[in-house]
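Under our numbering, think of the first position of the sequence shown as 8, with each following residue one higher.
Here is the structure we will look at.
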Amino acid sequence: MLLFNAILLIHFLCFAIYLCVLLAQWQDYDTRVRNASGLILGIILLITGIVLVALKYPHVNYYKVVPKTGLFALVTIINVRFGGKTYTKQAYYALIAITLLAASIAVIRV
């Protein structure tokens, strides 16, 4: 249980830091070129998410895991599309909306 909670804490902190990185670009999203922090946080989120599912395995909430994985894939597609370039307004707001939607799916108790 301690291992699961530690990994969940790392997962949550990476998610919160990623959201803070996005929100830090609020004023200059269209001029700031991104660094590798988003990629590193995304990789950590992916690995910790897989480990959390593996640790919980037959009792996995698939109705939460599948949509969050789809949203993560969308974030990845947007980031790959704008790799090395600045975000457009639509892409930036889509990233924030998708991130908040994934957070909402994670905390809603069903």
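Even glycine gets a Cβ: it sits at the ideal position worked out from N, Cα and C.
Only a predicted model underlies this, so the values are computations on that prediction, with no experimental measurement involved.
Tell me the DSSP secondary structure of residue 36 in three-state form. coil
Neighbourhood of residue 11 by C-beta distance below 6 Å, restricted to the same chain and skipping five residues each side: 62
Label residue 82 either buried or exposed according to how many other C-beta atoms from any shown protein chain fall within 10 Å of its C-beta, with 16 as the threshold for buried. buried
Residue range of the alpha helix (DSSP H) that includes residue 31: 9–31
Where does residue 92 sit, in a helix, a strand or coil, going by DSSP? coil
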